[in-house]
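Taking our numbering, the leading residue of the sequence shown gets 50, the next gets one more, and so forth.
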Amino acid sequence: MTGFNTNLVHGESIHDNQTGAVNIPIYNSSTYAYPSATSKVRWDYERSGNPTREFLEKQVTRLEEGKNGFAFASGMAAIHAVFAIFKPGDHILIGNQIYGGTYRILNQYFKERGISFSVVDTTKLETIEPTIQTNTKAIYFEPITNPLLHVSSVTAVAKIAKQHRLLTIVDNTFLTPYLQKPLKLGADIVVHSATKYLGGHSDVIAGLVITNSEKLGQQIYFIQNALGGVLSPESANLIRRGIQTLSVRMDRQQQNAFDIIHFLEKRPEVTKIYYPGIKGTKDYLIASHELKGFGGVLSFELGEKVDAVAFVNHLQLIRLAVSLGAVESLAELPYEMSHAELPLAERLKAGISPKLIRLAVGIEDSEDLIADLKQALEFAVNPITINQLNVQ
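Okay, here's the thing in structure tokens:
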């Protein structure tokens with residue numbers, strides 16, 4: 050069996066005897082010709098299957114060590130497909146710090162179609178079982194919570210789920226199969242926003258679902274084909290290309306994250322730092338057992354006298370944006386941006402305050418990122434508005 054990095058680069062071997070091409074072609078064809086009217090063909094219509102898309106689906110299935118993989122037009126299309134396997138009257142448990150878009154689709158779409166849900170803190174295992182109802186069918190969570198980076202044990206959560214015959218669904222976007230393989234830890238379904246680390250360049254939107262069950266695979270494929278939210282060949286190729294450099298990018302991002310943390314720890318403007326790689330924490334204890342690394346996202350809390358809006362607005366190199374996992378560094382205010390869809394009470398209960406900054410670290414020189422953070426912090430302590438500058 051080939052190693053993980055080899056699989057990143059090569060995926061399933063391509064042997065193009067006609068051209069000698071080393072990469073899978075981009076098959077831009079909406080339909081495929083039949084040899085005869087009675088022929089059984091592998092390809093007939095792009096929505097049902099495409100060679101470029103299938104190459105990616107097989108590659109991520111291999112990386113996650115699953116049985117079936119499916120590529121969608123966005124992360125939300127992938128999440129929609131997963132929730133669509135449930136029926137009216139079913140109940141789902143969801144982690145208390147999930148992506149705002151996931152909460153929105155459950156609260157404003159699936160709830161109206163008879164699927165209910167309860168919010169649970171998966172980092173506190175003792176809170177899970179009391180929340181399980183007779184109609185509960187699954188638990189959905191992110192092993193690294195967003196944006197506070199608390200760590201849930203996939204092994205422990207999956208064990209509880211199996212005891213109650215629930216599906217364990219893990220959003221592995223923050224970690225990717227490079228840092229964790231949830232299916233190997235007991236999960237049944239893994240979801241990715243491939244837009245993030247897998248694509249890695251902020252130039253494509255995509256979603257992935259991987260299962261370790263033929264039955265679940267058949268259900269997901271039916272939804273993928275019936276609803277039609279499939280990934281285009283061009284986008285599939287961009288994700289494939291991004292995957293080839295996943296490990297080298299994530300190693301660099303993690304090192305930059307540690308460099309930035311060492312800087313922030315000395316800054317009086319910063320009151321708290323959230324990162325699973327900080328030793329001496331419960332998060333580090335779990336992460337060191339279940340993860341290969343700690344990722345490239347960190348969050349930190351600014352002090353009362355520091356203007357958080359002024360801070361993010363005054364960043365020069367680091368861009369103000371809600372995504373993560375790309376080669377460029379991105380900062381955001383979760384309270385106002387990525388998690389604004391969560392009710393205020395849920396945001397505050399989860400610890401998402403107006404002073405919280407999430408930083409998705411890129412692969413730039415860490416010295417340049419630190420210099421940018423330094424000047425923005427100094428400005429945010431005593432921000433000068435444009436109007437004040439004009440008056441002066």
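Where a beta carbon is used, it is the ideal one built from N, C-alpha and C, also for glycine. In this text the structure is predicted, and so the values were computed from the model without any measurement.
Through-space distance from Ser-262 to Ala-32, alpha-carbon basis:
Summary: the structure shown does not reach residue 32, with the chain confined to residues 50 through 441, and so no result is reported for it.
May I have the straight-line CA-CA distance separating Phe-307 from Val-319, to the nearest angstrom?
A direct Cα-to-Cα measurement between Phe-307 and Val-319 gives close to 16 Å.
Bridge partners - Lys-321, DSSP secondary structure assignment
Lys-321 is bridged by DSSP to Glu-350.
Val-240 by DSSP, collapsed to three states: which one?
Val-240: strand per DSSP, three-state reduction.
Exposed or buried, which one is Lys-173 when buried takes at least 16 other CB atoms within 10 Å?
Lys-173 should be labelled exposed.
Between Leu-397, Lys-245, Phe-53 and Leu-257, which lies nearest to Glu-377 when the distance is taken from Cα to Cα?
Closest by alpha carbon: Lys-245.
Local Cβ density within 10 Å of Lys-453, reported as buried at 16 or more and exposed below that:
There is simply no residue 453 to check, as the chain begins at 50 and stops at 441 in what is shown.
Got a sec, what are the start and stop residues for the alpha helix (DSSP H) Glu-161 sits in?
Membership of Glu-161 in any alpha helix (DSSP H) is not indicated, and neither H nor E is assigned to it by DSSP.
For Lys-384, the three-state DSSP class (helix, strand or coil)
In the sequence as displayed, the identity of residue 384 is Tyr instead of Lys. The answer is coil: DSSP assigns Tyr-384 none of H, G, I, E or B.
Quick one, which of Leu-405, Lys-328, Thr-180 and Leu-295 has its alpha-carbon nearest Ala-210's?
When C-alpha distances from Ala-210 are compared across Leu-405, Lys-328, Thr-180 and Leu-295, the shortest belongs to Thr-180.
Which ranges would you report for the alpha helix (DSSP H) in the region 179-263 if only whole runs of at least 4 residues count?
The region 179-263 contains these whole alpha helix (DSSP H) runs: 203-212 and 225-228.
Through-space distance from Ile-322 to Val-430, alpha-carbon basis:
Using only the alpha carbons, I get a separation of about 18 Å.
Specify the secondary structure class of His-59 as computed by DSSP and reduced to three states.
His-59 carries a helical assignment under DSSP once its states are collapsed to helix, strand and coil.
Mapping DSSP to helix, strand and coil, what is Arg-407?
It is a strand residue.
Got a sec, what are the start and stop residues for the beta strand (DSSP E) Asn-77 sits in?
Unbroken run through Asn-77: none, as it is neither H nor E.
Start and end of the alpha helix (DSSP H) containing His-363?
Neither: His-363 is in no alpha helix (DSSP H) and is coded neither H nor E.
Endpoints, alpha helix (DSSP H) assigned at Ile-141:
For Ile-141, there is no enclosing alpha helix (DSSP H); the enclosing beta strand (DSSP E) has its first and last residue at 140-144.
Roughly how many angstroms separate the alpha carbons of Ala-425 and Val-109, rounded to a whole number?
In a straight line, the C-alpha of Ala-425 is about 39 Å away from that of Val-109.
Work out the CA separation of Val-239 and Asn-56 for me, nearest whole Å.
Roughly 19 Å between the two C-alpha positions.
Around the Cβ of Thr-51, are there at least 16 other Cβ atoms within 10 angstroms (buried) or fewer (exposed)?
It counts as exposed.
Pop quiz: Lys-432 and Ala-359 are said to be a contact at Cβ under 8 Å. What is the actual Cβ separation, rounded to whole angstroms?
First, the amino acid is wrong: residue 432 is Pro here, not Lys. 4 Å between Cβ atoms; contact.
Verify whether the separation of the beta carbon atoms of Gly-256 and Gly-291 is less than 8 Å.
Against a cut-off of 8 Å, the Cβ pair of Gly-291 and Gly-256 comes out as no contact.
Considering only residues of the same chain and omitting the five flanking positions on each side of Ile-177, which have a CB-CB separation below 8 Å?
Non-local beta-carbon contacts of Ile-177 in its own chain, meaning distances under 8 Å to residues more than five positions away in sequence, involve Leu-142, Val-169, Thr-171, Ile-188, Val-206 and Ile-209 in chain order.
Of the residues Leu-295, Ala-285, Asn-145 and Ile-134, which one's Cα is nearest the Cα of Phe-53?
Looking only at Leu-295, Ala-285, Asn-145 and Ile-134, the smallest Cα-Cα distance to Phe-53 is reached by Leu-295.
Stretch-stretch touch, CB-based, cutoff 8 Å, three pairs: the region 390-406 with the region 266-275
Between the region 390-406 and the region 266-275, the count of C-beta pairs closer than 8 Å stays below three; the two stretches do not touch.
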